[in-house]
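Visitor: Chain order of the listed sequences is A and B.
Residue numbering for the first sequence is 1481 to 1563, as defined by our numbering.
Residue numbering for the second sequence is 6 to 143, as defined by our numbering.
Right, I'll just put the structure down here and ask away after.
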Amino acid sequence: MSASSNPSTLEQSAIDGARALAVAQADALKAYRDLSSYRVQIVQEDDGWHVDYELKDARLKGGGPHYVIDAMTSAILSKRYEQ
Amino acid sequence: MNAPTIAELLANPIVQQALEQAWVDSLPQDVAGRHEEGGLVYVDTTTGVISIQRAPVAGRAVFDVSAPPIVAGSVVVATFHTHPNPIAEGWEPGPSTSDTLSADLLGVPCLIRAEDGIHTTGPDLRRGGLTGNPGFPA
């Protein structure tokens, strides 16, 4: 038995959290320039990887970026820039 | 004497001028140079006179007013800062989650000047009134 050569039947690999973070971080650095004030939370939900940057110090004013990354393609499905 | 409410602060010409000057200083039209600006609003607990202290220049989307200078006879009644990054590039003009959390933590209203006007968050007036610590209320 030979494997199918039809691309439509090939399984697509899901990306891991590190890849989702890399995609988010590349965009976040362009927008925010410096991410040292933030901690990052990465959670896989039904709609993709949620990557959320929150300020480390609760007394600071400001906001970080928030992403949903497609778990199959690594495309940015949505993003929100808080300031 | 009561601490001023958000509405009273926004009607005060000294506060209005501080918000507008911070907006200008934050360089909202300068793609490379725009950054947050702002400071603290004080009230003299004897006279009721409002004064302003600007905070050091901040980052693109972060601002620190957590260590207010002591102004003799006065207490902090609000913080203010700008959101200079444009809506057209996907930035939200209103208060962030952290703006609201920090205002509740610090115990004074948070006033924000953005491209679409003024936003506010946090308590309506200084927690505990004009008594307590000279900086933020305990």
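Glycine is no exception: its CB is placed at the ideal position from the N, C-alpha and C atoms.
Locate the beta strand (DSSP E) running through residue 1522 (chain A), then write down its first and last residues.
Guide: From DSSP, the beta strand (DSSP E) with residue 1522 (chain A) extends over 1518-1525.
Visitor: So what does residue 96 (chain B) bridge to, in DSSP terms?
Guide: Looking at the DSSP assignment, residue 96 (chain B) forms a beta bridge with A:1561.
Visitor: DSSP state of residue 45 (chain B), grouped into three classes?
Guide: Of the three classes helix, strand and coil, the one that applies to residue 45 (chain B) here is strand, per DSSP.
Visitor: Determine whether the Cβ of residue 1510 (chain A) lies closer than 8 Å to any Cβ atom of chain B.
Guide: Chain B, which has no Cβ nearer than 8 Å to the Cβ of residue 1510 (chain A), makes this no.
Visitor: Mind checking residue 1545 (chain A): buried by the 16 CB within 10 Å criterion, or exposed?
Guide: So residue 1545 (chain A) counts as buried.
Visitor: Check the C-beta distance from residue 55 (chain B) over to residue 46 (chain B) and give it rounded, since I have them as a contact under 8 Å.
Guide: Sure, about 6 Å apart at Cβ, within 8 Å.
Visitor: If you scan the segment 47-120 of chain B from start to end, which runs of the alpha helix (DSSP H) of 4 or more residues do you find wholly inside it?
Guide: Correct list: 102-111.
Visitor: Give every residue of the same chain whose Cβ lies closer than 7 Å to the Cβ of residue 1528 (chain A), excluding the five residues on either side of it in the sequence, and list them in chain order.
Guide: Counting only Cβ-Cβ distances below 7 Å, and skipping sequence neighbours, we find 1548, 1549, 1550, 1551 and 1557.
Visitor: For residue 144 (chain B), tell me which candidate among B:96, B:11, B:57 and B:82 has the shortest Cα-Cα distance.
Guide: Nothing about residue 144 (chain B) can be read from this structure; chain B reaches only from 6 to 143.
Visitor: In the structure shown, what three-state DSSP assignment does residue 19 (chain B) receive?
Guide: In this structure, residue 19 (chain B) counts as helix in the three-state DSSP scheme.
Visitor: Are at least three pairs of beta-carbons, each pair with one atom in the segment 1513-1521 of chain A and one in the segment 70-81 of chain B, less than 8 Å apart?
Guide: No: the two stretches stay apart, fewer than three of their Cβ pairs being nearer than 8 Å.
Visitor: Shorter than 8 Å from the beta carbon of residue 50 (chain B) to some beta carbon of chain A?
Guide: No, its Cβ sits nowhere closer than 8 Å to a Cβ of chain A.
Visitor: If you drop the 5 nearest sequence neighbours on each side, which residues of the same chain put their C-beta closer than 8 Å to that of residue 123 (chain B)?
Guide: Within the same chain, residue 123 (chain B) has close Cβ partners 15, 24, 116 and 117.
Visitor: On the premise that residue 1534 (chain A) lies in contact with residue 103 (chain B), defined as a C-beta separation below 8 Å, what is that separation, rounded to the nearest angstrom?
Guide: Confirmed, about 7 Å.
Visitor: Give, in chain order, every residue of the segment 1521-1543 of chain A whose Cβ lies closer than 8 Å to some Cβ of chain B.
Guide: Result list: 1534, 1535, 1537, 1538, 1539, 1540, 1541, 1542 and 1543.
Visitor: Among B:41, B:39, B:85 and B:110, which one has its Cα closest to the Cα of residue 20 (chain B)?
Guide: Taking only the C-alpha atoms, the option nearest residue 20 (chain B) is B:85.
Visitor: To the nearest angstrom, how far is the alpha carbon of residue 1541 (chain A) from that of residue 1503 (chain A)?
Guide: Distance between the alpha carbons of residue 1541 (chain A) and residue 1503 (chain A): 26 Å.
Visitor: Taking DSSP as the reference, what is the three-state secondary structure of residue 1532 (chain A)?
Guide: Here residue 1532 (chain A) sits in strand by DSSP.
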